[in-house]
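Everything in the sequence shown is counted per numbering that gives the first Met the number 0, starting at 0 for the first residue and increasing by one.
Down below is the structure, laid out as structure tokens.
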Amino acid sequence: MVMNKTFSAILPQQAYDAKQVQANEAQIADKHNIAMFELMNMAGQAVFDLYQHHYPSTHALLVLCGKGNNGGDGFITAQLAIAQGINVTVIMLCHSDDLKGDALKAYQQLCASPYASEKLELVALVSDKAATNVSEQVAKVLAHTIDQLTARSENESALGGNIVIIDALLGTGFYGSLTEPYFLLCDAVNQQVTNCRTPIKVISIDVPSGVNATTGEVALHAIRAHHTISFIALKKGLITGNATSHTGELVYADLTIGESFHTAISPTAHRLTFDNIPQLNARTINSHKGTIGQLLLIGGNKRFPGAIKMSAEAALRSGAALVSVCCHKDNRTILLNNRPEIMLAPDNAEVLFSTYDNSKTKALIIGPGLGQGRWAQALFNGAINFIQQRKLPAVIDADALTLLAKSPSLYQHWVLTPHPGEAAKLLNCSIEEVEKNRFAAVQAIQQKYGGICLLKGAGTLITNGESLSINTTGNPGMASGGMGDVLSGIIGALLLQSNTQLQATQLAAFIHGLAADKIAQQQGMIGMLASDIIERLPALLNQYAFNKS
0 MVMNKTFSAI
10 LPQQAYDAKQ
20 VQANEAQIAD
30 KHNIAMFELM
40 NMAGQAVFDL
50 YQHHYPSTHA
60 LLVLCGKGNN
70 GGDGFITAQL
80 AIAQGINVTV
90 IMLCHSDDLK
100 GDALKAYQQL
110 CASPYASEKL
120 ELVALVSDKA
130 ATNVSEQVAK
140 VLAHTIDQLT
150 ARSENESALG
160 GNIVIIDALL
170 GTGFYGSLTE
180 PYFLLCDAVN
190 QQVTNCRTPI
200 KVISIDVPSG
210 VNATTGEVAL
220 HAIRAHHTIS
230 FIALKKGLIT
240 GNATSHTGEL
250 VYADLTIGES
260 FHTAISPTAH
270 RLTFDNIPQL
280 NARTINSHKG
290 TIGQLLLIGG
300 NKRFPGAIKM
310 SAEAALRSGA
320 ALVSVCCHKD
330 NRTILLNNRP
340 EIMLAPDNAE
350 VLFSTYDNSK
360 TKALIIGPGL
370 GQGRWAQALF
380 NGAINFIQQR
390 KLPAVIDADA
400 LTLLAKSPSL
410 YQHWVLTPHP
420 GEAAKLLNCS
430 IEEVEKNRFA
440 AVQAIQQKYG
450 GICLLKGAGT
460 LITNGESLSI
470 NTTGNPGMAS
480 GGMGDVLSGI
490 IGALLLQSNT
500 QLQATQLAAF
510 IHGLAADKIA
520 QQQGMIGMLA
530 SDIIERLPAL
540 LNQYAFNKS
């Protein structure tokens, strides 16, 4: 829903590197005869509108400004606030002499405002010597702001219940680590938000300070915002990985040139939404088991029956016509309990891939509950040879990813589904390195191993080496055992029904997260089980995934 003409909760499908916006925004604005300072005023207006939309009863505002254009946006926001009779305190991490260009112009405009003497308080922290006192000073400023709110309000109900901080410290050009005094100020803000008895809300301009808008890397003590407003184009680093826990509610303001920007500049990623998820062709009236095909699943080592069973059930519920499972013989009874539709395949690698009739197999899943021992290794080696000889699509998941990392190979028809820990093994690096730049990690895995790589986590990433998608569904309730096994089953089933492996993977990730979102809406996130997802799959796939035309 569009909340205000200057900003919207509806985000664009396209996502960009921050440098793309920085390099092209002036040129696009010039085509519309819009000066960059006018864009800055539009940005400040959008921030102020967002603030008023969520916190209309708040009587005081704290604006944190750096010396760049992000700080300029903050100065404009402060000017709009004092013009509305709102008491504003501005903390500047620079001297006014350090300001240049449009940021300086915005500062001068703020200071020249007829309301500045009455409604504006400026606090400048201008040197490294002052850095050690930042935390103490911020605490004092926030306490002063609270006092202002209390003194100028007639009763508690008029307070609006919040103090609002506008984060205009660092913009989309930030990368690396926060330096003094920035990290002290950001840490102090986070501490105040956590510990202050009066609720404090933070609105970040374009990007929470300390977050890399391109890679999603989060610096130590980066601002944790409640709202982030992204200008002109959506920056891809804000919508995946650890950055998502810092942006809060992400909204978008195109500053009147967004559409032109999207038309002129090619994005580096796309968000998967209801409007662009791949569609499956509706089944013809004479469809049968053979036309859809058999899915072979391999896993479920001794003591690990649940993973392969959930994967198999998810595959059945996602439209796989025939599901055959190779698991440890001790798990067969558990596997078939209440699920007679599952067929059993031999649990011996040599038999499975030599004498057993696999002619109906059109796709394969290997990994859920597979383990790492001799039995697992023999099945893994056999499966890799089998799919490569027949050029079959396959899903490589869980323990199979660890085995693949030990013996890397290149294949263009598989889907690799690592979480960050498994991704680190595949790339022989640390989990921290993966999370610093998830985009680079997913692309590196795809280049090294081929096929499709799906990197799990908030804002799951999917690439085939040519395009990159960011999934928009899912929630923290999915942080429980078996979720990845269910996802593998969905992908495997859709490999039998999609035109390409990429489409199958994109659709599977979207529906998997959508099922979790539906559950969270009805019962909350706590206690969500992987098996709960399975029961939702048929209805969601039939509602959203099939081309009805």
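For every residue, glycine included, the Cβ atom is placed at its ideal position computed from N, Cα and C.
- DSSP places glutamate 534 inside the alpha helix (DSSP H), whose first and last residues are 529–543.
- Around valine 206, the same chain offers Thr171, Ala212 as residues with beta carbons nearer than 6 Å, after the five sequence neighbours per side are excluded.
- Per DSSP, reduced to three states, the secondary structure at isoleucine 444 is helical.
- Excluding five sequence positions before and after methionine 35, the CB atoms of its chain that fall closer than 7 Å to its own CB belong to Ala25, Ala28, Asp101, given in chain order.
- Residue pairing of glutamine 293 in beta bridges, as defined by DSSP: Leu321, Thr360.
- For a cut-off of 8 Å, the C-beta gap from valine 322 to glutamate 340 is around 7 Å, short enough to register as a contact.
- In the DSSP secondary-structure assignment, tryptophan 413 is bridged to Ala393.
- According to the DSSP assignment, methionine 41 belongs to the alpha helix (DSSP H) that extends over 35–53.
- At a cut-off of 3 residues, the continuous stretches assigned as beta strand (DSSP E) that sit fully inside the region 176–235 are 199–204, 226–230.
- Taking every protein chain shown into account, the CB of isoleucine 9 has fewer than 16 other CB atoms within 10 angstroms, so this residue is exposed.
- The region 231–274 contains, as complete beta strand (DSSP E) runs of 3+ residues, the segments 248–252, 268–271 (chain order).
- As computed with DSSP, alanine 102 is found in no beta bridge at all.
- Under the three-state reduction of DSSP output, aspartate 398 falls in the helix class.
- With 16 or more other CB atoms across the displayed protein chains lying within 10 angstroms of its CB, asparagine 300 is buried.
- Spanning the alpha carbons of aspartate 166 and valine 46 requires a straight line of approximately 10 Å.
- Under DSSP, the beta-bridge partners assigned to serine 468 are His269, Ile461.
- A contact between stretches requires three or more CB pairs, one per stretch, nearer than 8 Å, and the region 381–398 fails this requirement with the region 326–335.
- Under the DSSP assignment, methionine 91 falls in the beta strand (DSSP E) whose first and last residues are 86–91.
- Burial is judged here by how many other beta carbons sit within 10 angstroms of a residue's own beta carbon; histidine 31 has fewer than 16 and is exposed.
- Histidine 287 sits exposed, since fewer than 16 C-beta atoms from the chains shown fall within 10 Å of its C-beta.
- For the pair leucine 121 and tyrosine 181, the CB atoms are not nearer than the 8 Å cut-off.
- Short of 8 Å from the beta carbon of leucine 539, and not among the five residues preceding or following it, lie these beta carbons of its own chain, in chain order: Ile510, Leu513, Ala514, Lys517.
- Methionine 482 sits in a helix when the DSSP states are folded into three classes.
- Rounded to the nearest angstrom, the gap between the Cα atoms of leucine 315 and glycine 488 is 8 Å.
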